[in-house]
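Trainee: Protein chains in written order, with our numbering: chain R, 825 to 1054; chain L, 825 to 1054; chain C, 825 to 1054. C-beta atoms are modelled at their ideal positions from N, C-alpha and C, and glycine is treated no differently. Please read all numbers here as calculations on a predicted model, not as lab measurements.
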Amino acid sequence: MGDLSIKVGKNVVMGENVTIESNVMIGDNVVIGNYVVIKKNTIIGNNVKIGDLVVLGKEPASNKKMARKPNTKLPPLEIKDGVTIGCNTVIYYGVVLHEDVLVGDISSIREDVVVGESSIIGRNVMVEPATTIGRKVTIQTGCYITANMIIEDEVFIGPCCSSANDKYMGMGNFQHKGPIIKREAKIGNNATLLPGITIGEKAIVGAGAVITRDVAPNKIVVGNPGRPLG
Amino acid sequence: MGDLSIKVGKNVVMGENVTIESNVMIGDNVVIGNYVVIKKNTIIGNNVKIGDLVVLGKEPASNKKMARKPNTKLPPLEIKDGVTIGCNTVIYYGVVLHEDVLVGDISSIREDVVVGESSIIGRNVMVEPATTIGRKVTIQTGCYITANMIIEDEVFIGPCCSSANDKYMGMGNFQHKGPIIKREAKIGNNATLLPGITIGEKAIVGAGAVITRDVAPNKIVVGNPGRPLG
Amino acid sequence: MGDLSIKVGKNVVMGENVTIESNVMIGDNVVIGNYVVIKKNTIIGNNVKIGDLVVLGKEPASNKKMARKPNTKLPPLEIKDGVTIGCNTVIYYGVVLHEDVLVGDISSIREDVVVGESSIIGRNVMVEPATTIGRKVTIQTGCYITANMIIEDEVFIGPCCSSANDKYMGMGNFQHKGPIIKREAKIGNNATLLPGITIGEKAIVGAGAVITRDVAPNKIVVGNPGRPLG
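1. Taking the beta strand (DSSP E) that Tyr916/C falls in, what are its first and last residues?
2. So, under 8 Å CB-CB, Lys888/L and Asp924/R are touching, yes? Tell me the CB distance rounded to an integer number of Å.
3. Return the first residue and the last residue of the beta strand (DSSP E) that Lys882/R is part of.
4. Mind checking the segment 1031-1042 of chain L against chain C and listing, in chain order, the residues whose C-beta falls within less than 7 Å of any C-beta there?
5. Over what stretch of residues does the beta strand (DSSP E) that includes Asp843/R continue unbroken?
6. Helix, strand or coil for Lys864/L, going by three-state DSSP, please let me know.
7. Compute the Euclidean distance between the alpha carbons of Asp977/C and Leu921/C, then round it to the nearest angstrom.
8. Does Ala1009/R pass the burial test, meaning 16 or more other C-beta atoms within 10 Å, or should it be called exposed?
9. I believe Glu935/R touches Leu898/R by the beta-carbon criterion, under 8 Å. Please report the beta-carbon distance rounded to the nearest angstrom.
10. Measure from the alpha carbon of Lys960/R to the alpha carbon of each residue in Phe980/R, Ser943/R and Gly1047/R, then state which is nearest.
11. Looking at the unbroken beta strand (DSSP E) that takes in Ile1044/C, where does it start and where does it end?
12. Would DSSP call Tyr859/C helix, strand or coil?
13. What is the DSSP secondary structure of Glu941/C, counted as helix, strand or coil?
14. Within this structure, are the beta carbons of Val907/R and Val878/R separated by less than 8 Å?
15. What does the alpha-carbon distance come out to for the pair Val837/L and Val938/C?
16. Expressed to the nearest angstrom, what Euclidean distance is found between the alpha-carbon atoms of Val951/R and Asn865/R?
17. Name, please, each residue of chain C whose Cβ falls closer than 9 Å to the Cβ of Asn841/L.
18. Hey, out of Thr965/L, Pro983/L, Thr843/L and Asp990/L, whose CA is closest to Met973/L's CA?
19. So which residues on chain R does Leu880/L lean against when the C-beta distance must stay under 8 Å?
20. Can you tell me whether Tyr968/L is buried or exposed? The criterion is at least 16 other CB atoms within 10 Å of its CB, across all chains shown.
21. Taking Cβ-Cβ distances shorter than 8 Å, what residues in chain R pair up with Asn887/L?
22. Which residues in chain L have a C-beta closer than 9 Å to the C-beta of Asn870/C? List them in chain order.
23. Let me confirm a value: Arg1037/C is counted as buried when at least 16 other C-beta atoms fall within 10 Å, else exposed. Which label applies?
24. With distances taken Cα to Cα, identify the nearest neighbour of Gly1020/L among Ile1035/L, Ile1011/L and Thr896/L.
25. Quick one, which of Val855/R, Met993/R and Ile981/R has its alpha-carbon nearest Ile957/R's?
26. Name the chain L residues whose beta carbon is nearer than 8 Å to that of Thr965/R?
27. As a quick exercise: from Asn1013/R, Gly994/R, Ser986/R and Ala1027/R, pick the residue whose alpha carbon is nearest that of Lys1006/R.
28. Using a Cβ cut-off of 8 Å (strictly closer), state whether Asn912/C contacts chain R.
29. Select from Asp876/C, His1000/C and Gly1054/C the residue whose C-alpha is nearest the C-alpha of Thr955/C.
30. Would a check of beta-carbon distances place Gly1012/C closer than 8 Å to chain R?
31. Between Arg1018/L and chain R, is there a C-beta pair that is closer than 8 Å?
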């Protein structure tokens, strides 16, 4: 922290053993927990709260088998004013968390993801790369948000929902396409969304449903495979 | 740790870099891992084992969107004699873990939760607030236990089960009510329990079942939606 | 780290606050993150990368209720050349990670597990004891891999899949037997596999399917309970 390239605002409260890499910017009135790692170039706004045992600005990794190499040319992690991040959470570079976003404990957000203002990412939520999450979205505890997915404003996703983007399951050479969830749609707990489907505006997906086709706006679908209710 | 308000018993083994806030009490023969954060007022009994990278006594957070503000008037976290806690786990204040409870790695228990004697909370289990878990309960790895849920003694919940408490999925102003699981009931892996249902004594829920209605005692239900077997 | 029984190779980059217990061996060109705990006897090869806030070589725990006591006579954790491990991950002793394996963030692998060359264990994956994972296997984010399971080479398991090994759900005295997934089989996201079933070579399990019986090679099964497609 003696690094001149690190800028720290006023009234910042640091926990014990905070590791800050070069070129990090921290705003005013920020609270940072204990045993936190802030990787290079990370930008933290004002009034941000970060829990204990958190990693911010991680670079993606890969091995020989992995078909999709991670994008290493992304901007740094940017955490806007008033964001709160829980404990034991890992957020990659190339992520933007807009004002007042809440990210729970034991969660992780991969690179190239935007989360809109006042959205909630619950505990133990995993978000994959290149996904866009709107404003005032609720993603409850234990959800899996696949890559290349679009979640519009005010969507509600119940606990433990799962989504997929790879119709051919690792056979490669096909374009990955995650689900699109339109404004104000609601997804029940432990629902399963298949690649490329669209859930229409204000549609409702029942708990435990397996959604294999598009759902029209305002419709309710339940079951496996998902069918209109009634 | 020079704080006079911290009381530490005999034969306590501390890892490297343990952060202990004010007014914490630690019993005899306690083993605490490395990079552990113990928040203010936490009470730890005798013969307790705590893994590495753990947060104990966390205060809940919220943002502007969140309808239910967390209860900030709860008692401290109390960990009774003989409890074992895994690594990278986060436990909130207002939790009581009774004697001989085991909590696995990478789990989290929110505020206002009681876990009865000798129960097992597996790895990567998330427990929401205001839930009661009985004695000799097994909650296996990856389960999601919603808020306002009652789990009676000797219940067995297989891996990755999910439960919900909000029939109207975030529309607000409705009372949240989690499932009730009665004594000795058994829930198969990846089952989905809807809000407010009751699983009767010694009933069995099949793996992957979606339970939308009450299950009578001793009955076996399977499928989506769950129906009596045979 | 002044312990003479610790051997560290050339060009090793250590983060801040790395806790290394006795008799640990670390190869050349290894990168270790911050706030990492390496338990006694752990063996780390060359060109290994370890993230922040990781625990390596953990001993299993148990309580009075637990029927299956953990095996305490296993060899140490062995991490072969070129392995990459994410942040906030917990790996037990008695595990072998072969060359070029990638383990994601917030994952955990219990004791007595072998992972073959170039396999990928995603983020937030939990692997139970006594399971064998072949070469070039992909286990995507959020999967639960039960104990006593066999996953052959080049299997693909989509996100959030769940498996079980205990037909009698905690009643004890029965042999636990996890699923067997044969070469090149593919499992869709959030599928549920029951104890003891076999998924044949190149078979495909649909997303959200609940598999209660064996699946023949090259077959496609979907639904709850899983049935052949078409």
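Mentor: Working from what's here:
1. Val914 to Tyr916
2. 5 Å
3. Val879 to Lys882
4. Ala1031 and Gly1032
5. In the sequence as displayed, the identity of residue 843/R is Thr instead of Asp. Looking at the DSSP string, the run of the beta strand (DSSP E) that includes Thr843/R is Val842 to Ile844.
6. coil
7. 14 Å
8. buried
9. 5 Å
10. Ser943/R
11. Ile1044 to Val1046
12. coil
13. coil
14. no
15. 32 Å
16. 21 Å
17. Asn841, Thr843 and Tyr859
18. Asp990/L
19. Under the 8 Å cutoff, chain R gives no residues; its nearest Cβ is about 10 Å from Leu880/L.
20. buried
21. Gly906, Thr908, Asp924, Val925, Leu926, Ser942 and Ile944
22. Those within 9 Å of Asn870/C in chain L number zero; the least Cβ separation is about 25 Å.
23. exposed
24. Ile1035/L
25. Ile981/R
26. Met950, Glu952 and Tyr968
27. Ala1027/R
28. yes
29. His1000/C
30. yes
31. In the sequence as displayed, the identity of residue 1018/L is Leu instead of Arg. Interface residue, yes.
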